[in-house]
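In the UniProt record's numbering, the protein residues as written are 1 to 356.
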């Protein structure tokens with residue numbers, strides 16, 4: 001456990017050094033192709049970084065935070081776009097936090113009334129309680145580890161679906177808490193009540209894992225749409241951009257699975273996102289066809305949407321977790337970490353001093 005902690009600290013330090021290079025050197029190079037070339041070593045380092053993280057769990061976290069989101073932010077930064085280029089006077093610590101963590105800074109001077117028609121920003125007290133979310137995640141993982149072999153696989157998949165929601169919430173909330181405490185930035189929520197989504201477009205674009213959605217929107221969707229419009233026209237370009245976005249999302253998730261398990265990709269996760277991309281395209285075509293004259297009531301649309309996400313997730317997204325034994329490795333790692341922490345606490349307790 002001590003060696004794993006040292007390796008994790010080294011990986012963390014290498015990220016700080018890489019982002020400092022971007023801040024002090026790459027930022028002074030004219031944006032465009034030349035800056036992109038200067039950032040190639042950082043892209044390479046961020047891509048191979050998870051392979052040197054010994055912890056299975058933190059390998060997955062680093063793949064999401066650094067390899068995916070970090071590289072995408074730096075790709076935008078190369079061309080003078082994205083959160084790392086939003087403010088020329090951005091301090092180093094804010095630049096590093098924005099580059100290494102899945103956070104989204106709130107825009108200043110936003111009129112609340114102008115966004116009142118969008119998704120609700122008011123979260124339920126239960127989901128707004130980080131302690132409750134951590135407790136719920138711990139209970140789900142504990143029950144899954146104990147009863148996984150004795151219950152129906154569908155029950156396990158449902159448990160993993162709920163755990164995935166809490167895990168994303170907890171990881172981003174903890175990142176936001178640290179940044180808010182150290183830097184004082186006001187940050188956006190990691191998600192916006194995805195269980196209330198009235199459509200797949202609403203779920204993926206406006207409610208679920210907004211850091212990843214925002215990164216994909218600016219690095220994939222907008223460039224593909226802009227280029228495709230020249231050849232395909234506006235309507236077809238939108239569909240092409242949606243499809244490309246979901247394909248890239250699927251490939252990035254597949255890459256995370258590879259980093260964590262080391263197993264040959266099964267491509268089920270990629271097909272999950274390809275399927276959802278096609279369904280979002282169909283949704284958009286149907287909405288355009290009816291011209292807003294008819295809309296499924298939210299009371300019906302929300303359960304159908306979440307049911308479809310859950311059903312397809314149980315079919316394609318979660319099976320690789322069990323086939324590659326990723327869940328077993330994470331459970332064992334959490335158990336070892338718990339034993340290590342418990343042992344350290346016992347060693348530091350006054351009772352142990354008295355008996356030594």
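Quick reminder that beta carbons are idealized off the backbone N, C-alpha and C, glycines included. Since the structure is predicted, the reported quantities are computational estimates derived from the model, not experimental observations.
- Burial is judged here by how many other beta carbons sit within 10 angstroms of a residue's own beta carbon; residue 263 has fewer than 16 and is exposed.
- The region 55 to 66 makes no contact with the region 81 to 95, as fewer than three CB pairs between them are under 8 Å.
- For a cut-off of 8 Å, the C-beta gap from residue 232 to residue 240 is around 6 Å, short enough to register as a contact.
- Judged by DSSP in its simplified three-state form, residue 5 adopts helix.
- In this model, residue 217 and residue 255 are separated by some 19 Å (Cα to Cα).
- If you look at residue 223, you'll find it in the alpha helix (DSSP H) that goes 222 to 232.
- Just so you know, the alpha carbons of residue 84 and residue 49 end up roughly 21 Å apart.
- Collapsing the DSSP output to three states places residue 12 in a helix.
- Two segments are said to touch when three or more pairs of C-beta atoms, one from each, lie closer than 8 Å; by this definition the region 291 to 301 does not touch the region 15 to 33.
- Taking the CA atoms as reference points, residue 164 sits about 13 Å from residue 309.
- Using a Cβ distance threshold of 8 Å, residue 203 and residue 190 do not count as a contacting pair.
- With fewer than three CB-CB distances shorter than 8 Å, the region 274 to 288 does not count as touching the region 71 to 79.
- Of the residues assessed, residue 25 falls on the exposed side of the cut-off, its CB having fewer than 16 other CB atoms within 10 angstroms.
- When only Cα atoms are considered, residue 137 and residue 166 end up about 6 Å apart.
- Less than 8 Å divides the Cβ of residue 258 from the Cβ of residue 265.
- Scanning 192, 328, 336 and 306 for the CA closest to the CA of residue 158 turns up 306.
- Closest by C-alpha distance to residue 269, out of 219, 162 and 324, is 324.
- In this chain, the alpha helix (DSSP H) harbouring residue 93 covers 92 to 100.
- For residue 303, the uninterrupted alpha helix (DSSP H) run begins and ends at 298 to 312, by DSSP.
- When secondary structure is reduced to three states using DSSP, residue 327 falls in the helix class.
- In terms of Cα proximity to residue 7, the closest of 56, 282 and 208 is 56.
- When secondary structure is reduced to three states using DSSP, residue 193 falls in the coil class, being assigned neither helix nor strand.
- Judged by their CB atoms, residue 46 and residue 66 are nearer to each other than the 8 Å cut-off.
- Exclusion of the five residues before and after residue 273 leaves 246, 249 and 250 as the residues of its chain whose Cβ lies within less than 6 Å of its Cβ.
- For residue 31, the closest of 181, 79 and 5 by C-alpha to C-alpha distance is 79.
- Of all alpha-carbon atoms in 333, 4, 336 and 316, the one lying nearest the alpha-carbon of residue 161 is that of 316.
- With fewer than 16 neighbouring CB atoms inside 10 Å of its own CB, residue 10 falls in the exposed class.
- A residue is called buried once 16 or more other Cβ atoms fall within 10 Å of its Cβ, and residue 102 is buried on that count.
- For the pair residue 68 and residue 296, the Cα-to-Cα distance works out to about 35 Å.
- Following the DSSP letters along the chain, one finds residue 268 inside the alpha helix (DSSP H) bounded by residues 268 to 290.
- If you ignore the 5 residues before and after residue 312, its C-beta comes within less than 8 Å of the C-beta of 272, 275 and 276, all in its own chain and listed in chain order.
- Out of 243, 327, 207 and 333, the CA that lies nearest to the CA of residue 148 is found in 327.
- By the C-beta density criterion, residue 219 is buried, having at least 16 other C-beta atoms within 10 angstroms.
- For residue 213, the enclosing alpha helix (DSSP H) has its first and last residue at 210 to 216.
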